[in-house]
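So the structure is just underneath, and the comments pick up after that.
In my numbering, the protein residues as written are 2 to 476.
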């Protein structure tokens, strides 16, 4: 039996981006290390609070409709008021900060009509967001409906407080204009710097694109870390690249009413350098602020996996910079429960194998669309088998199998249909452990005579185990 190595995927990168105008408090940074030490005494309380929060996530992130007919009267009123304020700001040219006027062309005075024509062009160029026109002049019903979906994101991020939602929208538009965010997708020359730190991979059970973040593990090497975070320029490049990745994710979304308009974020803290690295800590806080301020309601859940002990103290530091709505979307799990947690949100065939799933890079045997994963429960102190029929000689069977919770005995054999033939042992009895190379078994066998491949899982523990598997034959 052979095991395949995991090859992390890569993503593209981009150029610097200025920090959000919502500044991070500097005094918090100065004594951050001291705060972490002090917070150790509160770790148990924080951990318990996060466990309670995990249980409440299903309620907190209940699906919120983007259909106008499903909104409450107060929500419809807030949306109408926000649209009115937006229209007024556009008509009165108050949506953006005033820029210094350009000097008139030499020996040529601009007429009133020319000034108005130029203003109209500016308005038309500046009131689209993620490709959705926000102009009240739009007569396109589909575009108007998509604009409502976007405006609802700002309203929900501010608990339907119209003025706060409008201010957030204005700040986002201004930030995008100041930092040329609309052109960030064209900036691909810096992709090698942050290759595997974040990448998009598959969809969750509800159709949300999934974004994996493994920043800490990627940058634990000192040389790589210094290159990325050792200078202000490097940190700004990282922030701009992170914004670019968010923009790429949004391109996969559907802003129509009822469409999938959010991402699922997964952050892997395995082998993380921890909060002792000031530059990384500061940059992560800036990234959090940028995304929270300028991408409202674009994340359905934030799942943190392989969470180490120090995370709970770090969470206490970041908590003041997060809205309650953001906190409500957090799901936290330690290394022993990673696969189980992800399976609640993502189908097994779409979870990368390093997290206990069945998704292999460039897999030529099984496909996500055509080869779904099945489940089998093995009760405590019992044995279950999976049989793969091979009715003709020369049949090749291939299979994937994993067990949640490990601590089971496993074997593979080929049993011929002819009782006079010998059973062939493909895999002697072995104990499946928690090592990464044992998370997913893949094996294959070509028979010389009719029979069946039998996979046996023996559970001698006091708890039931869940077996995930799939197989195919060439006959």
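Using N, Cα and C, we set each Cβ at its ideal position, and we do this for glycine too. Predicted, not measured: the structure shown is a model, and the values here were computed from it.
Q: Would you check if the distance between the CB atom of residue 174 and the CB atom of residue 204 is smaller than 8 Å?
A: no
Q: Check each candidate in 362, 329, 464 and 474 and name the one with the smallest Cα separation from residue 389.
A: 474
Q: Look at the Cβ atom of residue 444, then the Cβ atom of residue 469, and state whether they are nearer than 8 Å.
A: no
Q: Look at the alpha carbon of residue 286 and the alpha carbon of residue 81, and state the distance between them as a whole number of angstroms.
A: 34 Å
Q) If we count the other Cβ atoms within 10 Å of its Cβ and call it buried at 16 or more, is residue 344 buried or exposed? A) buried
Q | Cβ neighbours of residue 393 in the same chain (closer than 7 Å, five flanking residues each side left out) | A | 451 and 476
Q. Taking C-alpha atoms, which residue in 201, 88 and 442 lies nearest to residue 412?
A. 442
Q.
According to DSSP, simplified to helix, strand and coil, what is residue 198?
A. coil
Q) I think residue 333 touches residue 310, with their Cβ atoms under 8 Å apart; what is that distance to the nearest whole Å? A) About 12 Å; that fails the 8 Å criterion.
**Q.** Residues near residue 230 in its chain [Cβ-Cβ closer than 8 Å; skip 5 each side]
**A.** 220, 236, 239, 278, 280, 281 and 284
Q) Where does residue 186 fall in DSSP's three states? A) helix
Q: Going by DSSP, name the residue or residues bridged to residue 444.
A: 400
Q.
Which same chain residues end up closer than 7 Å to residue 465 when comparing Cβ atoms and leaving out the 5 residues on each side of it in sequence?
A. 378, 379, 380 and 381
Q) DSSP three-state call for residue 235: helix, strand or coil? A) helix
**Q.** Cβ-Cβ distance between residue 371 and residue 172 below 8 Å
**A.** no
Q. Expressed to the nearest angstrom, what Euclidean distance is found between the alpha-carbon atoms of residue 359 and residue 348?
A. 9 Å
**Q.** Residues that residue 433 bridges to, as DSSP identifies them
**A.** 409
Q) Where DSSP assigns a beta bridge to residue 473, which residues make up the other side? A) 399
**Q.** residue 467 to residue 409 span [Cα, whole Å]
**A.** 11 Å
Q | Cα-Cα separation, residue 463 to residue 269 | A | 30 Å
Q: Could you check which residue in 368, 350 and 241 has the C-alpha nearest to that of residue 288?
A: 241
Q: Take every Cβ of the segment 359–369, pair it with every Cβ of the segment 317–333, and state whether three or more of those distances are shorter than 8 Å.
A: no
Q | Span of the alpha helix (DSSP H), counted from its first residue to its last, around residue 91 | A | 74–92
Q) When every heavy atom of the ligand PLP is checked, does at least one fall within less than 7 Å of the C-beta of residue 199? A) In the structure on display, the ligand PLP does not appear, and there are no ligands present to speak of.
Q: Identify whether residue 457 lies in helix, strand or coil by the three-state DSSP scheme.
A: strand
**Q.** Cα-Cα separation between residue 69 and residue 198, rounded to whole angstroms
**A.** 38 Å
(Q) Helix, strand or coil, according to DSSP, for residue 314 in the structure here? (A) helix
Q: Tell me whether residue 180 is buried or exposed, calling it buried when 16 or more other Cβ atoms sit within 10 Å of its Cβ.
A: buried
(Q) Do residue 324 and residue 263 have their beta-carbon atoms positioned less than 8 Å apart in this structure? (A) no
Q.
When you compare the CB positions of residue 339 and residue 356, do they come within less than 8 Å of one another, or not?
A. yes
Q: Could you check which residue in 440, 386, 420 and 327 has the C-alpha nearest to that of residue 354?
A: 440
Q.
I need the boundaries of the alpha helix (DSSP H) containing residue 178, first residue and last residue.
A. 163–179
(Q) Assuming contact is defined by CB atoms lying nearer than 8 Å, are residue 257 and residue 147 in contact in what I supplied? (A) yes
(Q) Within a Cβ cutoff of 6 Å, which residues of the same chain sit near residue 336, ignoring the five residues on either side of it in sequence? (A) 307
Q. When you compare only the Cα positions, how much space is there between residue 400 and residue 454?
A. 10 Å
Q: Note down, one range per segment and in chain order, each beta strand (DSSP E) of at least 3 residues found wholly within the segment 208–272.
A: 210–214 and 264–269
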